[in-house]
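Step one of this worksheet: look at the structure below.
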Amino acid sequence: MKILMLCHTFPPYGQEGGSIRLVKFLKYLPKIDEDIHPIVVTRRSDLRYLYGEEKLCKGLLNEIPPNVRIERTGTFEPRWFRKKEEHLHLQKPRTEVLSSRQHGLLKNGYLTIKSILKRRLKAILNGLFMPDKARLWCPLMLKKAKKLLSTEGIAVIYATGPPFSVIYASRHLKKWFPNIPIILDIKDDIIDTVSYFARPSWVRYFIKRDEAKAISAASKVILVTDASRRDFQKRYPAHEGKFVLITNGVDLEEFRECSQAAYSSKDGRLSFFYSGGWGSRAPKTILGLCRAFDILVQEGFIRRKEIELRFAGKIPEREIKHLREHNLLSCIRLLGFCPKAEFIERLKSTAINLVLNYPIPTLIPGKIYEAWASKRPILLLDNDGIASRFVERHGIGWAAPILDVERIYQALRHIIGKWRTNTLNEISTKGIQRYSRKALTQKFADLLYTLAREQ
Numbered sequence: 240m241k242i243l244m245l246c247h248t249f250p251p252y253g254q255e256g257g258s259i260r261l262v263k264f265l266k267y268l269p270k271i272d273e274d275i276h277p278i279v280v281t282r283r284s285d286l287r288y289l290y291g292e293e294k295l296c297k298g299l300l301n302e303i304p305p306n307v308r309i310e311r312t313g314t315f316e317p318r319w320f321r322k323k324e325e326h327l328h329l330q331k332p333r334t335e336v337l338s339s340r341q342h343g344l345l346k347n348g349y350l351t352i353k354s355i356l357k358r359r360l361k362a363i364l365n366g367l368f369m370p371d372k373a374r375l376w377c378p379l380m381l382k383k384a385k386k387l388l389s390t391e392g393i394a395v396i397y398a399t400g401p402p403f404s405v406i407y408a409s410r411h412l413k414k415w416f417p418n419i420p421i422i423l424d425i426k427d428d429i430i431d432t433v434s435y436f437a438r439p440s441w442v443r444y445f446i447k448r449d450e451a452k453a454i455s456a457a458s459k460v461i462l463v464t465d466a467s468r469r470d471f472q473k474r475y476p477a478h479e480g481k482f483v484l485i486t487n488g489v490d491l492e493e494f495r496e497c498s499q500a501a502y503s504s505k506d507g508r509l510s511f512f513y514s515g516g517w518g519s520r521a522p523k524t525i526l527g528l529c530r531a532f533d534i535l536v537q538e539g540f541i542r543r544k545e546i547e548l549r550f551a552g553k554i555p556e557r558e559i560k561h562l563r564e565h566n567l568l569s570c571i572r573l574l575g576f577c578p579k580a581e582f583i584e585r586l587k588s589t590a591i592n593l594v595l596n597y598p599i600p601t602l603i604p605g606k607i608y609e610a611w612a613s614k615r616p617i618l619l620l621d622n623d624g625i626a627s628r629f630v631e632r633h634g635i636g637w638a639a640p641i642l643d644v645e646r647i648y649q650a651l652r653h654i655i656g657k658w659r660t661n662t663l664n665e666i667s668t669k670g671i672q673r674y675s676r677k678a679l680t681q682k683f684a685d686l687l688y689t690l691a692r693e694q
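Mapping to this note's numbering: the sequence shown position 24 is 263, numbers consecutive.
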């Protein structure tokens, strides 16, 4: 059985930890059934991203089985669209806090002006290329997909997003190949979110229209949380039976194979480790965390030299500014992009795994599952959505609204108290097997065969 899989960037490069849903599906599908033969259509990225000196993506490439065929196309996305990606994902890991030049630029406001100009430019581009810039890749994606569907005997089409353009464009394949079922894998929501309402009304109209058409053309729609599934069922009652739940999860094999790193408090510092994106239109932020730490320091409950904030990836200038304003620059450690083994070791060896969530109440960040598997407690800065209830239900840490300084302050007091008394113990992983990548891929394989039989 051949499956056509549409994905904008494959495999994703420069991801901290590489918790990549499609890669994990492909890793375990042959172990479930060798007769499943995926064909991935993706854009042609600069191979330096995949095979460069940093080899940031080497682990993900090694996970892709030999029976997976990858078809790369060109893209109409201008080169300067990808210049930022090139800078982010090819940079060498950094351990310094801030250079003197960066301090000077922050002081005279240059970086602030630059950030404002970049935001204005991005707002214009978001209007022109809605719902996202991947729209410029979709014509070539559809051309390649149409050719493969005509010649390869494809049984099922699978499209994953964000970017949402891939999801929306897949509906055109239904016109040309009406008998081939389409599965949409929607990992985040876009409608009724902060980023959605930040867009002009005419852009919102087209996003809502395109999503409705994509849902209508699909045979099944995979969603990653039960709350998200309920929202889609309420939004599209005529298609209620199309929506299925396959959550995000964690590759437990990697945590068993990785060296047994362990947390130690011998250096006398309370460490927090964050890895993940920051967002722009609906940004994540550590502003509330910085304010809470500042209060605790002023009260004498903890000293700055006892705090270590570790960040994998690139931290935005706006967050550096928050750290500087609250005198926490001396507490941070920038790690650059961590290869998979190093990422897992850092999860295991930190006191607290910090997880930030977007202001989307139906979203559970994928990093929660990896932090849970590391057995180190979690501090989730959320929006009082289902992610907070997930952390509380499984007893795996603390949760507070991302800008609620009082609740973050109370959580930190509790954490610091346990740290001082050496009772900041490992968390239980009871129940995590339900979210193993292998088990989730079994559900995905069952869905593929169900649709193929109905064809």
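Each residue gets a CB set at the ideal place from its N, CA and C atoms; glycine is no exception.
- The Cβ atoms of L245 and A398 lie closer than 8 Å to each other.
- For H561, the uninterrupted alpha helix (DSSP H) segment begins and ends at E556 to E564.
- With respect to E545, R508 sits close: the two C-beta atoms are nearer than 8 Å.
- Judged by beta-carbon spacing, V644 lies beyond the 8 Å limit of G539, meaning their Cβ atoms are not closer than that value.
- The way I'd put it, the region 435-446 doesn't touch the region 479-492; fewer than three beta-carbon pairs between them come closer than 8 Å.
- Taking a 10 Å sphere around the C-beta of E493, we find 16 or more other C-beta atoms and assign the residue as buried.
- Here the region 611-621 lies against the region 587-602, with 3 or more beta-carbon pairs under 8 Å apart.
- The C-beta separation of S404 from D371 comes to about 5 Å, placing the pair in contact by the 8 Å criterion.
- Going by beta carbons, L586 and F512 fall inside the 8 Å limit.
- By the criterion of a C-beta distance shorter than 7 Å, F264 is surrounded in its chain by T680 and F683, once the five residues flanking it on both sides are discounted.
- When DSSP states are grouped into helix, strand and coil, P269 belongs to the helix group.
- Beta-carbon to beta-carbon, R260 and K426 are separated by about 7 Å, close enough to satisfy the 8 Å threshold.
- If you look at H247, you'll find it isn't in any beta strand (DSSP E); DSSP assigns it neither H nor E.
- Following the DSSP letters along the chain, one finds E584 inside the alpha helix (DSSP H) bounded by residues K579 to S588.
- Under the three-pair Cβ rule at 8 Å, the region 298-312 counts as touching the region 269-284.
- DSSP, reduced to helix, strand and coil, places N301 within a helical segment of the structure shown.
- In this structure, DSSP gives G488 a state outside helix and strand, which the three-state scheme calls coil.
- According to DSSP, residue pairing for H276 in a beta bridge involves K241.
- One Cα belongs to Q672, the other to S514, and the distance between them is close to 23 Å.
- In the three-state scheme derived from DSSP, where H, G and I count as helix and E and B as strand, I591 is classed as strand.
- Cβ-Cβ separation between K657 and L663: approximately 4 Å, consistent with a contact (criterion under 8 Å).
- Remark: C-beta atoms of P600 and G624 approach each other more closely than 8 Å.
- DSSP links G400 through a beta bridge to I425.
- In the three-state reduction of the DSSP assignment, V307 falls in the coil class, being assigned neither a helical nor a strand state.
- When C-alpha distances from R374 are compared across I422, G400 and K669, the shortest belongs to G400.
- The beta carbon of V463 is closer than 6 Å to those of K426, T486 and N487 in its chain, skipping five residues each way along the sequence.
- Of A466, L690 and L379, the smallest CA-CA separation from G313 is found for L379.
- In the DSSP assignment, S510 forms a beta bridge with E547.
- In this model, I541 and L568 are separated by some 16 Å (Cα to Cα).
- K270 and D449 have their C-alpha atoms spaced approximately 36 Å apart.
- Taking the C-beta atoms as reference points, N418 is found nearer than 8 Å to Q694.
- Taking 8 Å as the cut-off, the Cβ atoms of S467 and D428 count as close.
- Counted as a single uninterrupted DSSP element, the alpha helix (DSSP H) harbouring V630 occupies residues I625 to H633.
- From the listed residues I422, K606, P317 and P251, the smallest Cα separation to I303 is found for P251.
- One Cα belongs to K382, the other to S389, and the distance between them is close to 11 Å.
- Annotated three-state conformation of L620 is strand, per DSSP.
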